[in-house]
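Visitor: Just passing along the structure, written as structure tokens.
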Amino acid sequence: MPELTYEHPRAEWVDKLEAIELACFPQADPADLLSAADLRRYCEVFPEGGYVALDGDEPVGMGLGIFVDFDFDQPQHTIHEIAGEHQCENHDPDGDWYYGIDITVHPDHRKRGIGRRLYELRKDVVRRFDKRGIIAGGSMPGYQHHRHLTIDEYVAQVVAGDLYDPTLSFQLANGFEVRGLLEGYIDDPADDGWASLIVWENPDWSGSE
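The opening position of the sequence shown corresponds to residue 34 in my numbering, with each subsequent residue numbered one higher.
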């Protein structure tokens, strides 16, 4: 099996990265996902903020993000509202937070540590640029199997460890905590458009002393 490597995104990979996005969110509205055009623009706006996982020469996953300011007193937002056109035009080099736009691993390449490594690399970006931490809207694909619960009840049980969600449980294991719920984040029947507002705070941020 070829060695896994990680590089900043390049325009030559955008078509394959779009295919990974579609494979990872099969029920979502493609208009809410990253297209090749979005990914090409990201490569121009903030390539140093993202990483592509390569199996040999083949892209198999990606983790992307931008810098933004965030008001926790008014947390509700959709992915398009916070990220802007092409899900990257709202990038602000002076923003206090790294906003996680996307982290995906092709279904055929999971259980290889790729997701965990992408999270580590994004945390390295936060440390390198001295940002306060990472914010993201996390999908909850496991909710479709527990619709007898409200979304609040479902998240509470996942946080408590009583239920397992393929995405949220993984994010919790990587040091994130849930700070709320986002309604209508993207159009995805798997979780009725809900997302968890997840946060990882940078322990090395210069303002934390």
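The beta-carbon is built from N, C-alpha and C at its ideal position, and this holds for glycine as well.
Nothing here was measured: the structure is a model prediction, and the numbers come from that model.
Would you give the residue range spanned by the alpha helix (DSSP H) that Ser202 belongs to?
Guide: 201 to 206
Visitor: Where do the N-terminal and C-terminal ends of the alpha helix (DSSP H) with Tyr218 fall, by residue?
Guide: First-last for Tyr218: undefined, no H or E at that position.
Visitor: Could you give the DSSP three-state label for Glu77: helix, strand or coil?
Guide: helix
Visitor: Hey, Ser239 and Gly171: beta-carbon distance below 8 Å or not?
Guide: No, the Cβ-Cβ distance between Ser239 and Gly171 is not below 8 Å.
Visitor: Measure the alpha-carbon distance for Val138 versus Asp106 and round it to whole angstroms.
Guide: 32 Å
Visitor: Straight-line CA distance for Glu216 to His41?
Guide: Going from the Cα of Glu216 to the Cα of His41 covers about 31 Å.
Visitor: Please say whether His119 and Arg155 have beta carbons closer to each other than 8 Å?
Guide: no
Visitor: Rounded to a whole number of angstroms, what is the C-alpha to C-alpha distance between Val191 and Glu210?
Guide: 11 Å
Visitor: Thinking C-alpha only, which one of Ala44, Phe103, Val47 is nearest Lys164?
Guide: Phe103
Visitor: Any contact of the segment 73 to 92 with the segment 178 to 193, i.e. 3+ C-beta pairs under 8 Å?
Guide: no
Visitor: Contact defined as beta carbons within less than 8 Å: I believe His142 pairs with Asp88. What is the distance between those atoms, to the nearest angstrom?
Guide: Rounded to the nearest angstrom, the Cβ distance from His142 to Asp88 is 6 Å, consistent with a contact under 8 Å.
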